[in-house]
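Novice: 336 is the number that full-length UniProt numbering gives to position 336 of the sequence shown; each next residue is one higher, with no gaps.
From the three backbone atoms N, C-alpha and C, an ideal C-beta is built for every residue, glycine too.
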Amino acid sequence: MPPSSTGQLALCPRRPVPSWRAGQLALAPGWCPLLLPNSTCRGCCSEGTLTLPAWCQAASAARSFGIDYANNCFLKDGAPFRYISGSIHYARVPAPSWKDRLLKMYMSGLNAVQVYVPWNYHEPLPGLFNFADDRDLEAFLDLTAQLGLLVILRPGPYICAEWEMGGLPAWLLWKPDIKLRSSDPDFLQAVDSWLDVLLPMIKPRLYHNGGNIISIKVENEYGSYYACDYDYLRHLLAAFRARLGAQVLLFTTDGNKEAALRCGTLQGLYATVDFGPGRNVTAAFAVQRLYEPKGPLVNSEYYTGWLDYWGQPHSSTDPELVASGLQDMLKLGASVNMYMFQGGTNFGYWSGADYKDKYKPVTTSYDYDAPLSEAGDPTPKLFAIRTVIGKFQPLPSGPMPPPTPKHAYGHLPLHRVSPVLRGRGQQPSGACPAPASCFGEMHELSSPSSLLGARRRAHPPWRRGGCRSKQGEEKQGLVPRRSDRQGTGCRSHKDSPSLFQGQLWINGFNLGRFWPRRGPQQTLFVPGSVLSPVAPNNITLLELQAAPEKAQLLFLDRPLLNQTRSPPGTGAA
């Protein structure tokens with residue numbers, strides 16, 4: 001498989017970023033550069049000083065963020081405040097594109113972003129941590145500060161987000177009797193070990209410490225989970241307080257039904273709700289008032305669109321309906337986070353699944369019909385939202401950054417390399433082969449012998465490749481919440497009209513699962529950062545269903561996200 005100084009001005013970029021320099025950014029009225037304690041700037045800053053106005057110096061000296069229960073609002077540095085935020089998942093956007101997406105969010109009028117931290121993305125094996133490259137959480141957070149955006153952080157430990165196992169590491173299942181999201185000692189020990197690594201990175205970036213993180217969300221919609229374990233919530237509250245201190249604002253989020261908040265709230269954690277457009281906002285916030293009679297109204301997940309499942313139509317939400325609902329909430333003085341503002345992509349094996357009436361795996365695309373498309377382009381929905389925001393607070397000056405450049409490279413023939421299992425040596429055997437988690441394999445690809453296809457490799461004119469499939473049915477995403485055990489070239493879009501189902505790599509980067517016969521997603525998003533503009537680019541494709549004698553890929557300059565080529569239930573599924 002492919003491999004996986006104190007008081008420094010945040011306007012000084014941490015590293016060079018092409019196209020947009022900090023000096024070109026027009027800050028909104030009332031913003032002063034954020035101070036990042038204990039941060040460094042590596043080789044990208046020119047000599048010179050910046051004189052801050054007196055009001056800004058005073059704000060830097062006494063920073064605070066909390067709740068004014070008497071006046072039902074947040075207080076930022078002692079003044080009433082409300083955030084208008086959008087969700088972005090750094091794990092679903094390649095690091096070279098982070099600045100582009102965040103700048104577009106800032107120029108849309110947002111003053112904050114909401115960010116998940118997937119535990120399994122950073123600790124693939126017990127005690128083995130990865131915070132490099134696309135996983136560089138600190139670099140991402142520093143970038144938000146440089147652009148003048150506040151952060152609402154959601155570190156879980158469970159995050160849902162239609163992410164593989166809701167962000168919980170699959171190696172937790174090595175203990176067969178473990179009870180996830182509960183006060184099970186084995187689970188809590190693993191959680192504490194993770195927080196011991198993560199939260200020291202977060203503490204210096206808290207707002208009252210000079211950073212831009214204004215609040216921390218604990219768990220995720222726990223009131224919808226069957227366990228209803230208050231000891232678990234108490235443990236998390238104590239764990240976050242012990243590592244972050246007493247000043248940071250901790251909160252929860254649950255669906256806007258009384259039953260959902262009953263098991264998801266705890267004294268010491270401010271309770272918020274989530275709901276989408278079309279809902280009566282007064283009635284929805286009345287549910288929050290059952291548990292928080294005083295304090296700010298908060299919709300922590302205002303759904304701008306929805307996710308897609310394999311075999312079901314692409315989800316979409318009317319831009320005017322989204323804008324209208326946002327306006328209704330802002331009229332009430334509520335703080336709002338829009339989920340998602342940019343969805344991104346479930347690269348590799350990170351797409352999760354739901355299980356309600358049946359198992360429903362999530363598509364590779366996490367476009368979400370969001371204001372910023374999967375490729376990071378502004379949509380009509382973004383401009384409708386921006387118009388509403390402009391009625392309530394000043395918008396940043398300057399133009400919206402343009403759409404990302406794309407290119408249709410055309411058809412690309414593939415040639416067969418080898419069947420999947422040829423020459424692989426001894427395989428696990430038995431009537432019921434052991435699951436991947438028993439062998440330490442976190443992402444297992446396997447197929448019934450009657451459906452084994454072949455790897456195919458292509459050498460387009462713009463090198464290489466090599467990937468190995470893993471032992472013996474394909475894992476399509478672990479269910480994150482139902483129960484304990486269920487689990488710089490131009491961008492392009494890859495279409496595979498002659499293929500059934502599998503995975504695709506470009507230059508060792510796993511673009512994710514393709515399944516055009518099932519749909520609705522027909523194309524895979526190809527980030528420009530994975531393409532080489534000088535060396536030949538190598539494409540490796542793993543077909544799991546039925547590899548045709550002749551196969552080809554088609555590179556387009558647009559996505560195809562809403563069609564199927566064969567009905568669900570056929571052999572193609």
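(1) Would you call the region 120-135 in contact with the region 154-162, where contact means no fewer than 3 C-beta pairs closer than 8 Å?
(2) Enumerate in chain order the residues of its own chain whose CB-to-CB distance from residue 140 is below 7 Å, with the five nearest sequence positions on each side excluded.
(3) Going by the CB atoms, is the gap between residue 273 and residue 254 shorter than 8 Å?
(4) Who are residue 338's beta bridge partners in DSSP?
(5) Helix, strand or coil: how does DSSP classify residue 383 here?
(6) Rounded to whole angstroms, what is the Cα-Cα separation between residue 186 and residue 172?
(7) Do you know how far the Cα of residue 542 is from the Cα of residue 337?
(8) Between which two residues does the alpha helix (DSSP H) containing residue 189 stretch?
(9) Taking DSSP as the reference, what is the three-state secondary structure of residue 521?
(10) Using 10 angstroms around the beta-carbon of residue 415, count the other beta-carbons present and answer buried if the total reaches 16, otherwise exposed.
(11) Taking the alpha carbon of residue 82 as the point to measure from, which residue in 299, 320, 287 has its own alpha carbon closest?
(12) In whole angstroms, what separates the C-alpha of residue 418 from that of residue 547?
(13) Note down, in chain order, each residue of its chain lying with its Cβ closer than 6 Å to the Cβ of residue 203, except the 5 sequence neighbours on either side.
(14) According to DSSP, simplified to helix, strand and coil, what is residue 221?
(15) Would you say the region 510-524 touches the region 383-395, given that touching needs at least three Cβ pairs under 8 Å?
(16) Where does the unbroken alpha helix (DSSP H) through residue 242 begin, and where does it stop?
(17) Below 8 Å, can you find three or more Cβ-Cβ pairs linking the region 102-110 to the region 233-248?
(18) Taking all protein chains shown into account, decide if residue 256 is buried (16 or more other Cβ within 10 angstroms of its Cβ) or exposed.
(19) What is the residue span of the beta strand (DSSP E) that residue 253 lies within?
(20) Under the three-state reduction of DSSP, which class applies to residue 359: helix, strand or coil?
(21) With DSSP run on the structure shown, which of helix, strand or coil describes residue 281?
(22) For residue 144, which three-state DSSP category applies?
(23) If you count every other CB in all the chains shown that lies within 10 Å of the CB of residue 40, and 16 or more means buried, which is it?
(24) Whole angstroms is fine: what's the gap from residue 303's alpha carbon to residue 339's?
(25) Terminal residues of the continuous alpha helix (DSSP H) containing residue 98?
(26) Among residues of its own chain, excluding the 5 on either side of residue 192, which ones have a beta-carbon nearer than 7 Å to its beta-carbon?
(27) For residue 510, which residues does DSSP report across the bridge?
(28) Specify, as a first and last residue, the run of the alpha helix (DSSP H) that residue 319 falls within.
(29) Once the 5 residues before and after residue 346 are set aside, which same chain residues still bring their CB inside 6 Å of it?
(30) Cβ of residue 152 within 8 Å of Cβ of residue 114?
(31) What does a CB cutoff of less than 7 Å around residue 234 pick up in its chain, not counting 5 residues either side in sequence?
(32) Check whether the region 395-409 touches the region 341-357, counting contact only when three or more Cβ pairs, one atom from each stretch, lie closer than 8 Å.
(33) For residue 222, tell me which candidate among 258, 264, 206, 209 has the shortest Cα-Cα distance.
(34) Where does residue 309 sit, in a helix, a strand or coil, going by DSSP?
(35) Can you tell me whether residue 449 is buried or exposed, with buried defined as 16 or more other CB within 10 angstroms of its CB?
Specialist: To lay it out plainly:
(1) no
(2) Only 90, 98 meet the Cβ criterion.
(3) yes
(4) Beta-bridge analysis with DSSP links residue 338 to 86, 302.
(5) helix
(6) Distance between residue 186 and residue 172, taken at the CA atoms: about 9 Å.
(7) 38 Å
(8) 185-202
(9) coil
(10) exposed
(11) 299
(12) 11 Å
(13) 244
(14) coil
(15) Verdict: no, contact absent.
(16) 230-244
(17) no
(18) buried
(19) 249-255
(20) strand
(21) helix
(22) helix
(23) Residue placement at residue 40 cannot be trusted, given a pLDDT of 34 that sits under 50; the coordinates are not used to answer.
(24) 5 Å
(25) Unbroken alpha helix (DSSP H) run through residue 98: 98-107.
(26) If we look at residue 192 and ignore the five residues flanking it on each side, its Cβ neighbours are 239.
(27) 505
(28) 319-331
(29) 364, 366, 512
(30) Going by beta carbons, residue 152 and residue 114 fall inside the 8 Å limit.
(31) 266
(32) no
(33) 264
(34) strand
(35) With a pLDDT of 29 at residue 449, under the threshold of 50, the predicted position of this residue should be treated as unreliable, though the coordinate-derived value follows. It counts as exposed.
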